[in-house]
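Counting from 1 along the sequence shown, just add 5 to a position and that's the residue number in the numbering used here.
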Amino acid sequence: MNDERYPIGKFTPVSALSTAERVATIEQIAAAPENFRRAVAGLDDAQLDTPYRTGGWTVRQVAHHLPDSHMNAYMRFKWGLTEHNPAIKTYEEKDWAKTPEMRAPIAMSLDLLTALHRRWVTLLRELSPADFARTIQHPEWGTPSLETMLALYAWHGRHHTAHVSSLRQRMGWGD
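Put into structure tokens, the structure is as follows:
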């Protein structure tokens with residue numbers, strides 16, 4: 006059975022990536038905005054306002070959530086690189102998904118995601134293995150390394166793209 010909530014499976018934390026795996030994971034982050042943009046291409050307002058699963062967010066909310074989440078991720082990387090094991094703040098993503106701009110056209114969030122990822126990937130490509138070994142303190146996740154966070158957010162982009170792609174397939178909305 007296809008899992009509508011986790012179409013690519015749940016995130017599995019990594020303890021260490023090889024250099025090749027790290028490069029490939031950074032490339033997944035680099036590709037995420039375009040992959041998501043392709044997943045939502047051609048959807049009309051009614052389709053954008055369709056939940057990807059019963060009880061789930063609409064495609065529009067997912068499109069606005071991705072840059073919200075990845076802006077937080079970018080800041081977590083910056084804190085992790087510039088402070089010693091900083092305690093980071095979480096945010097109420099379910100409440101963020103209800104703020105007024107979440108009803109806006111998705112183009113601005115797609116553009117924001119693209120610009121954010123360009124800057125983030127520029128940073129990621131310059132980091133050393135020692136940089137990726139740095140940690141943050143997360144109130145729910147413990148003390149993940151930046152390498153674990155890299156893998157998490159690469160998964161996160163694929164996860165939400167798969168939400169839209171699998172909805173399109175189930176609804177017969179084409180590719």
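Idealized CB from N, CA, C, for every residue including glycine.
Keep in mind it's a predicted model, so treat the numbers as computed, not measured.
Extent of the continuous alpha helix (DSSP H) run through Arg27
Against the sequence shown, residue 27 aligns to sequence position 22. Segment 24-45, the alpha helix (DSSP H) holding Arg27.
Give me the Cα-Cα distance between Pro91 and Pro149, rounded to the nearest whole angstrom.
To locate residue 91, count along the sequence shown from 1; it is residue 86. To locate residue 149, count along the sequence shown from 1; it is residue 144. Their Cα atoms are separated by approximately 11 Å.
Could you have a look at Ala92 and say whether DSSP puts it in helix, strand or coil?
As a working note, residue 92 is residue 87 in the sequence shown. Ala92: strand per DSSP, three-state reduction.
Through-space distance from His164 to Ser171, alpha-carbon basis:
Position 166 of the sequence shown, counted from the first residue, corresponds to residue 171. Position 159 of the sequence shown, counted from the first residue, corresponds to residue 164. Computed Cα separation, rounded: 10 Å.
Closest by C-alpha distance to Met113, when choosing among Arg42, Thr17, Arg27
In the sequence shown, counting from the first residue as 1, residue 113 sits at position 108. Per the Cα distances, Arg42.
Note down, in chain order, each residue of its chain lying with its Cβ closer than 6 Å to the Cβ of Gln33, except the 5 sequence neighbours on either side.
The residue you call residue 33 lines up with position 28 of the sequence shown. For Gln33, where only same-chain residues beyond five positions count, the Cβ hits under 6 Å are Ala159.
Does Tyr57 pass the burial test, meaning 16 or more other C-beta atoms within 10 Å, or should it be called exposed?
Position 52 of the sequence shown holds residue 57. With 16 or more other Cβ atoms within 10 Å, it is buried.
Among the residues of its own chain, which have a CB less than 8 Å from the CB of Arg10, if the five just before and after it don't count?
Taking the sequence shown and counting its residues from 1, the one referred to as residue 10 is at position 5. Excluding sequence neighbours, Arg10 sits near Arg58, Gly61.
Nonlocal neighbours in the same chain, by C-beta distance under 7 Å from Thr95, ignoring five residues either side:
Taking the first residue of the sequence shown as position 1, residue 95 is located at position 90. Taken in chain order, the residues that qualify are Pro144, Glu145.
I'd like the span of the alpha helix (DSSP H) that includes Thr59, first residue to last.
Numbered from its first residue, the sequence shown carries residue 59 at position 54. Neither: Thr59 is in no alpha helix (DSSP H) and is coded neither H nor E.
Can you list, in chain order, the residues of its chain with a C-beta nearer than 6 Å to that of Gly14? Leave out the 5 residues immediately preceding and following it.
Counting from 1 along the sequence shown, the entry for residue 14 is found at position 9. Hits under 6 Å: none found.
May I ask you to verify whether the segment 70-84 touches the segment 106-124, counting CB pairs closer than 8 Å and requiring at least 3?
yes
So, for Thr153: in the same chain, excluding its five sequence neighbours on each side, which residues have a beta-carbon less than 7 Å away from its beta-carbon?
For the purposes of this step, residue 153 is taken as the residue at position 148 of the sequence shown. Closer than 7 Å at Cβ, skipping near neighbours: Pro18, Val19.
Return yes when the Cβ of Ala51 is within less than 8 Å of the Cβ of Gly162, no when it is not.
Translated into the one-based positions of the sequence shown, residue 162 becomes position 157. Translated into the one-based positions of the sequence shown, residue 51 becomes position 46. No; because the gap between Cβ atoms is not below 8 Å, this pair is not in contact.
Going by alpha carbons, who is nearest to Ala29 out of Arg130, Ala109, Thr140?
Translated into positions along the sequence shown, residue 29 becomes position 24. Nearest C-alpha to Ala29: Arg130.
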